[in-house]
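Visitor: Protein chains in written order, with the numbering used here: chain A, -1 to 264; chain B, -1 to 264; chain C, 58 to 113; chain D, 58 to 113. Glycine residues also receive a C-beta, built at the ideal position from the N, C-alpha and C atoms.
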Ligand SMILES: [Zn+2]
Ligand SMILES: [Zn+2]
């Protein structure tokens, strides 16, 4: 069982990922594909004239501000554009794929976050009413049933909140939660870099392995990578044995990651 | 087994449909919900500045002109807005729902239509390159598996064409095809009128029954209703015993239809 | 009005100069449906067959 | 600068007049984190606890 997350990053070629996955599926591997799509969300927001805002936490981490209009755009872009493209690409490569958001079948249940702290002009303020949440439960039965019937589930945010609304959740952590729930042997987080870099300015400085010990952060990584490391740690702690952060830009990005490319987290 | 088609009439309340369906599901009925969403497609198209065009066939029937931009908007609106709203409404009423387009799992396979004839300024012209198709096969196995696990599949266009692209198909006829494939006992097509009217100007002139004999059309119905009658006839010919066209605007539209409201087709 | 040979029966078909690209005209001789494939000059080809329905 | 009573320890907290709605200030006495719930007049309440992460 293999869980793959593909971004988000405009430079990752989803068709190459899907072609690569089709080979693994035909070889008998069960695969779940998780996706984000920030570039598509931002692009659709521009077309609709919906301003996208980010907020910066006191620790410097930046996150999407998900007001009601943003959540609508996010749902439109992920479920109505990114996901169908992946499903069609897999179908074109001979693999049956079924697209799901966390709302379908209660696949991803989330607790709505009450408040955020953000830094505005150097001052820390409380932000309320953000439509984002933290995953509390995963409906593994739905995924196992689809996998048993030979489908590749193609999963993305949003998740379903207790109050029946949809909330945005982090797609890397969705992948980690699904890998843990399905007892996947491998979790591959594809990104727009060659892996975790020792020197962010040097593409060739990929760390072959990285130990995520204790709760200490890893220095010198950019924000998107920091969240990937949080997700990787969650998967490792939940017992997923093989967790890799690898380059999504190559011709066969998943096969390469499984063959040792990228950074293996331990 | 019950197949219900709701929407795109703006006046049909999807929340009322979902509440009503939840009662039937809890009573042990297996239900598939099929939806369109013309109003939402047109609304999103306006926001995106994508012109929506219709074409009129030589026989007077009007249809959406589905160029590439229209297909994109249709997919966004149906999969990214209308469907999630129905899935959330069902979840809120205590029913697990899974949203699918015809592309997911090869649920609806279609033959792309080669050409259309349309009347432009009184002249009949050939139109090529329209992204619409006719359903050729239904993946009943995927639906039966979801139904067996207790989910309500929420299905809409587009369908998957042989060439791997998506094509628009008529949602009423999707409902008829699914009812036939699943050997449903009842097909309920909800609309924005009290049923098939003997006098289109008089809401109280509902025909309690209507025989769709042979291939003759029914006089005095508007275009949207004519396509519903085509779908109803297809379901009847395929052996679906109970086919009803009923009012989607009431508080419990499906229960009312099953209790005898609307027009029963024979 | 110009006369264009029908690609089916080779008899001249009277076609109006204001004809549209992709417009359907009928051959009075063999009753073939013909499509205007170019308008300058006007050229005709056998029209594709009618598909029985439209979808949404 | 005005002094507002801390809702936790009842000691005056010095708050700048340019404070923002929902801004966090800290009580120098009891170290409580306080939220500016209104700015005219300035009123303080105990700030909600930090949630550990942000989602997307
Ligand atoms: Zn001729
Ligand atoms: Zn205090």
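Tell me whether residue 137 (chain B) is buried or exposed, calling it buried when 16 or more other Cβ atoms sit within 10 Å of its Cβ.
Guide: Buried, since its Cβ has 16 or more Cβ neighbours within 10 Å.
Visitor: DSSP on residue 88 (chain D), reduced to helix/strand/coil?
Guide: Residue 88 (chain D) falls in the coil class under three-state DSSP.
Visitor: Using a Cβ-Cβ cut-off of 6 Å (strictly less than) and excluding sequence neighbours within five positions of residue 67 (chain B), which residues of its own chain qualify?
Guide: 48.
Visitor: Compare the C-alpha of residue 237 (chain B) against each of B:181, B:80, B:206 and B:253 and name the closest.
Guide: Checked all of B:181, B:80, B:206 and B:253; the closest Cα to residue 237 (chain B) is B:181.
Visitor: Can you determine whether any heavy atom of ligand 2 sits closer than 7 Å to the C-beta of residue 65 (chain D), and answer yes or no?
Guide: For ligand 2, at least one heavy atom lies less than 7 Å from the Cβ of residue 65 (chain D).
Visitor: Taking contact to mean at least 3 C-beta pairs separated by less than 8 Å, is the segment 21 to 36 of chain A in contact with the segment 26 to 43 of chain B?
Guide: Not touching, per the Cβ criterion.
Visitor: Nearest CA to the CA of residue 77 (chain A): which residue from A:123, A:94 and A:36?
Guide: For residue 77 (chain A), the nearest C-alpha among the options comes from A:36.
Visitor: Tell me the rounded alpha-carbon separation between residue 111 (chain D) and residue 251 (chain A).
Guide: Caution is warranted here: a pLDDT of 46 is assigned to residue 111 (chain D), below 50, making its placement in the model unreliable, and no coordinate value can be reported.
Visitor: For residue 199 (chain A) and residue 145 (chain B), I'd like the C-alpha separation in whole angstroms.
Guide: Each residue's alpha carbon lies about 52 Å from the other.
Visitor: Mind checking whether the beta-carbon of residue 90 (chain C) lies closer than 7 Å to any heavy atom of ligand 1?
Guide: The answer is no for residue 90 (chain C).
Visitor: Does the CB of residue 154 (chain A) have a neighbour CB from chain B at under 8 Å?
Guide: It does not: the Cβ of residue 154 (chain A) has no partner Cβ on chain B nearer than 8 Å.
Visitor: Can you round the beta-carbon distance between residue 107 (chain A) and residue 158 (chain A) to whole angstroms, since I take them to be within the 8 Å contact cut?
Guide: Rounded, the Cβ-Cβ distance is 6 Å, consistent with contact.
Visitor: Return the chain-ordered ranges of every alpha helix (DSSP H) run that is complete within the segment 75 to 154 of chain A and spans a minimum of 4 residues.
Guide: Correct list: 81 to 90 and 138 to 146.
Visitor: To which residues of the same chain is residue 174 (chain A) closer than 6 Å at the C-beta, ignoring the five residues directly before and after it?
Guide: Hits under 6 Å: 229, 232 and 233.
Visitor: List, in order along the chain, the chain A residues whose C-beta lies closer than 9 Å to that of residue 77 (chain D)?
Guide: Per Cβ cutoff of 9 Å: 118, 119, 121 and 123.
Visitor: By DSSP's criteria, residue 33 (chain B) is part of a beta bridge. Which residues make up the other side?
Guide: B:4.
Visitor: Which value, in whole angstroms, describes the spacing of the CA atoms of residue 241 (chain A) and residue 248 (chain A)?
Guide: One C-alpha to the other measures close to 18 Å.
Visitor: Out of B:253, B:227 and B:176, point me to the one whose CA is closest to residue 243 (chain B)'s CA.
Guide: The option with the nearest alpha carbon to residue 243 (chain B) is B:227.
Visitor: Exposed or buried, what is residue 209 (chain A) when buried is set at 16 or more other beta-carbons lying within 10 Å of its beta-carbon?
Guide: Label assigned to residue 209 (chain A): exposed.
Visitor: Expressed to the nearest angstrom, what Euclidean distance is found between the alpha-carbon atoms of residue 103 (chain A) and residue 13 (chain B)?
Guide: Looking at the two C-alpha atoms, the distance is approximately 17 Å.
Visitor: Within its chain, find whatever has a CB closer than 6 Å to the CB of residue 111 (chain B); leave out the 5 residues flanking it on each side and keep chain order.
Guide: Answer for residue 111 (chain B): 130 and 131, listed in chain order.
Visitor: At a Cβ threshold of 8 Å, is residue 92 (chain C) touching chain B?
Guide: At least one chain B Cβ lies under 8 Å of residue 92 (chain C).
Visitor: Is it buried or exposed, residue 57 (chain C), if we count other Cβ atoms within 10 angstroms and call 16 or more buried?
Guide: Residue 57 (chain C) lies beyond the stretch modelled for chain C, which goes from 58 to 113, so this question has no answer here.
Visitor: State the CB to CB distance for the pair residue 75 (chain B) and residue 85 (chain B), rounded to an integer number of angstroms; the pair is presumed to be in contact (CB under 8 Å).
Guide: So it is not a contact: roughly 15 Å between Cβ atoms.
Visitor: By how many angstroms is the C-alpha of residue 203 (chain B) removed from the C-alpha of residue 191 (chain B)?
Guide: Using only the alpha carbons, I get a separation of about 11 Å.
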